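Q: Convert by adding 4 to the 1-based position in the sequence shown; the result is the number in our numbering. Every residue gets a Cβ at the ideal spot worked out from N, C-alpha and C, and that includes glycine. Predicted model only: the values in this text are computed from it and were never measured.
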Amino acid sequence: MRTGLIGPTLKRLLFMSLLIPAAGATAAEDSLDTLAQELIELRGEVQSLNTELQDAKDQHRSRMSSLEQQRGELQAERNRVQLRMKKLEENLAETREQARQAGVGSEELRPVVLEALDQRRRQIGAEIPFKVDERLAELDDIERQLKTGVLTPHKAANRLWSFYEDELGLASENGIYRQTIELDGEERLTDVARLGTVMMFFRTSEGRYGHAVNEGADGWRYDYIDDAEAEDRVAGLFDAMEKQIRTGYFTLPNALVEKGSR
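Right under this line is the structure:
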């Protein structure tokens with residue numbers, strides 16, 4: 005009788021003892037699978053981060069290269085402006101000396117003044133288009149009054165000297181002004197931010213921004229800035245200048261673009 009009872013009991017115990025290791029093995033395998041999947045996902049994240057990091061490095065190098073190119077262009081433009089200033093000062097000194105030698109009211113001074121007027125007109129045409137009509141009108145008025153006898157050659161020379169001095173001041177001054185410019189074939193009254201005689205940006209009444217672009221022998225044109233980040237930078241420049249902030253570092257879009265390099 006006992007032998008019959010013990011038999012089934014031992015069988016059940018043996019069966020259970022076999023199940024326990026099997027269940028433990030299954031749980032361990034599930035845990036390993038989970039860890040393996042997490043490892044795969046982590047490796048994917050690391051690879052993605054590495055790609056993003058490399059892209060950021062590439063963008064940084066590209067940006068630094070662009071900024072370095074712009075710095076070189078600005079340096080070259082500054083050198084050209086300084087050369088024009090030096091030439092203007094030399095012209096002013098030469099005209100004064102010729103006036104001194106010619107004598108007060110001498111007709112010999114008349115062609116000297118007329119040549120100086122023409123020379124300054126050509127120089128204005130090569131510089132940023134800041135209030136060009138007003139500046140040329142001032143030269144035209146001096147010439148008209150000289151030719152009609154309202155001004156003697158000596159007085160005309162004095163007015164021209166004062167004009168030269170004002171022109172020299174433009175190269176060292178920054179400011180915001182109201183100016184009419186041509187945009188999309190229409191005359192528009194805008195705010196312009198002038199940086200010496202190197203760059204000029206504009207802001208329309210709708211809050212759009214742009215800059216004057218040198219087309220070489222074809223003169224100048226005005227282009228809108230389409231890049232949102234560049235627009236924000238120019239907006240920051242206007243804001244700083246309107247708040248009379250005189251010092252600071254500004255990263256600005258390249259406003260020295262010439263025809264064919266848009």
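1) Going by the beta-carbon positions, is the gap between Phe206 and Asp222 smaller than 8 Å?
2) Under a three-way DSSP split, which group does Gly223 fall into?
3) Please identify the residue among Leu121, Arg126 and Asp170 whose C-alpha is closest to the C-alpha of Asp145.
4) Drop a sphere of 10 angstroms on the beta-carbon of Gly214, count the other beta-carbons inside from all chains shown, and report buried for 16 or more, exposed for fewer.
5) Return the first residue and the last residue of the beta strand (DSSP E) that Phe134 is part of.
6) Looking at Ala161: is its Cβ nearer than 8 Å to the Cβ of Leu118?
7) From which residue to which residue does the alpha helix (DSSP H) around Arg207 run?
8) What separation, rounded to the nearest whole angstrom, lies between the Cα atoms of Asp37 and Leu256?
9) In terms of residues, what are the limits of the beta strand (DSSP E) holding Val196?
10) Val217 lies in the beta strand (DSSP E); which residues open and close that run?
11) Are three or more beta carbon pairs between the segment 169 to 183 and the segment 134 to 153 nearer than 8 Å?
12) Quick one: residues in its chain with C-beta nearer than 7 Å to the C-beta of Gln123, no 5 flanking neighbours on either side, listed in chain order?
13) Do Thr208 and Arg192 have their C-beta atoms within less than 8 Å of each other?
14) Would you tell me roughly how many angstroms separate the C-alpha atoms of Gln41 and Ala60, rounded to the nearest one?
15) Got a sec, what are the start and stop residues for the alpha helix (DSSP H) Glu246 sits in?
16) Would you mind stating whether Ala175 and Gly153 have Cβ atoms separated by less than 8 Å?
17) Quick one: what does DSSP say Ile128 is sitting in, helix, strand or coil?
18) What span of residues does the alpha helix (DSSP H) with Leu172 cover, start to end?
19) To the nearest angstrom, how far is it from the Cα of Asp230 to the Cα of Arg237?
20) Just tell me which of Val202, Leu187 and Glu219 has its CA closest to the CA of Tyr228.
21) Does DSSP classify Val108 as helix, strand or coil?
22) Please name the residue, chosen from Leu155, Glu210, Phe167 and Val116, that lies closest to Glu140 on a Cα-to-Cα basis.
23) Could you give the C-beta distance for Met204 and Arg198, rounded to a whole number, given that I count them as a contact under 8 Å?
24) Would you check if the distance between the CB atom of Leu143 and the CB atom of Gln149 is smaller than 8 Å?
25) Please list the terminal residues of the continuous beta strand (DSSP E) segment that includes Gly153.
26) Can you tell me where the beta strand (DSSP E) holding Ile229 begins and where it ends?
27) Below 7 Å CB to CB, which residues in the same chain sit around Glu45 once its five sequence neighbours on both sides are set aside?
A: Reading off the structure:
1) For the purposes of this step, residue 206 is taken as the residue at position 202 of the sequence shown. For the purposes of this step, residue 222 is taken as the residue at position 218 of the sequence shown. Against a cut-off of 8 Å, the Cβ pair of Asp222 and Phe206 comes out as no contact.
2) The residue you call residue 223 lines up with position 219 of the sequence shown. Correct three-state label for Gly223: coil.
3) Numbered from its first residue, the sequence shown carries residue 145 at position 141. Nearest option by C-alpha distance: Leu121.
4) Walking along the sequence shown from the start, residue 214 turns up at place 210. With 16 or more other Cβ atoms within 10 Å, it is buried.
5) The sequence position of residue 134 within the sequence shown is 130, counting from 1. Per DSSP, Phe134 belongs to no beta strand (DSSP E) and is neither H nor E.
6) For the purposes of this step, residue 161 is taken as the residue at position 157 of the sequence shown. For the purposes of this step, residue 118 is taken as the residue at position 114 of the sequence shown. Result no, Cβ atoms of Ala161 and Leu118 do not sit closer than 8 Å.
7) Looking up residue 207 in the sequence shown gives position 203. Arg207 -> not in any alpha helix (DSSP H); beta strand (DSSP E) instead, spanning Met203 to Arg207.
8) Here the question's residue 37 lines up with position 33 in the sequence shown. Here the question's residue 256 lines up with position 252 in the sequence shown. Approximately 54 Å, taken between the alpha carbons.
9) Position 192 of the sequence shown, counted from the first residue, corresponds to residue 196. Looking at the DSSP string, the run of the beta strand (DSSP E) that includes Val196 is Glu190 to Leu199.
10) Mapped onto the sequence shown, residue 217 falls at position 213. Residues Tyr213 to Asn218.
11) yes
12) Position 119 of the sequence shown, counting from 1, holds the residue named residue 123. Around Gln123: Asn95.
13) By 1-based counting over the sequence shown, the position of residue 208 is 204. By 1-based counting over the sequence shown, the position of residue 192 is 188. In contact: Thr208 and Arg192 (Cβ atoms closer than 8 Å).
14) In the sequence shown, the residue the question calls residue 41 occupies position 37. In the sequence shown, the residue the question calls residue 60 occupies position 56. The alpha-carbon atoms of Gln41 and Ala60 are separated by roughly 29 Å.
15) In the sequence shown, the residue the question calls residue 246 occupies position 242. Where Glu246 is concerned, the enclosing alpha helix (DSSP H) stretches over Ala232 to Glu246.
16) Mapped onto the sequence shown, residue 175 falls at position 171. Mapped onto the sequence shown, residue 153 falls at position 149. Against a cut-off of 8 Å, the Cβ pair of Gly153 and Ala175 comes out as no contact.
17) Position 124 of the sequence shown, counting from 1, holds the residue named residue 128. Note: Ile128 maps to helix in three-state DSSP.
18) Within the sequence shown, residue 172 is the residue found at index 168, counting from 1. Pro157 to Leu174 is the span of the alpha helix (DSSP H), which, as asked, contains Leu172.
19) Taking the first residue of the sequence shown as 1, we reach residue 230 at position 226. Taking the first residue of the sequence shown as 1, we reach residue 237 at position 233. Each residue's Cα considered, the two are about 12 Å apart.
20) The sequence position of residue 228 within the sequence shown is 224, counting from 1. Here the closest residue by C-alpha is Leu187.
21) Position 104 of the sequence shown holds residue 108. Any reading at Val108 must be qualified, since the residue scores a pLDDT of 49, below 50, and its modelled position is unreliable; no value is offered.
22) Position 136 of the sequence shown, counted from the start, is the residue given in the question as residue 140. According to the sequence as given, residue 140 is Leu; it is not Glu. Closest option to Leu140, Cα to Cα, is Phe167.
23) As a position in the sequence shown, residue 204 is number 200, starting the count at 1. As a position in the sequence shown, residue 198 is number 194, starting the count at 1. Their Cβ separation, rounded to whole angstroms, is 5 Å, which keeps Met204 and Arg198 in contact under 8 Å.
24) By 1-based counting over the sequence shown, the position of residue 143 is 139. By 1-based counting over the sequence shown, the position of residue 149 is 145. Not closer than 8 Å, so no.
25) Start at 1 with the first residue of the sequence shown, and residue 153 comes out as number 149. Looking at the DSSP string, Gly153 is not in any beta strand (DSSP E), and its letter there is neither H nor E.
26) Here residue 229 refers to the residue found at position 225 when the sequence shown is read from its first residue. Element bounds for Ile229: n/a, residue is neither H nor E.
27) Position 41 of the sequence shown holds residue 45. The answer is none, since no qualifying residue turns up.
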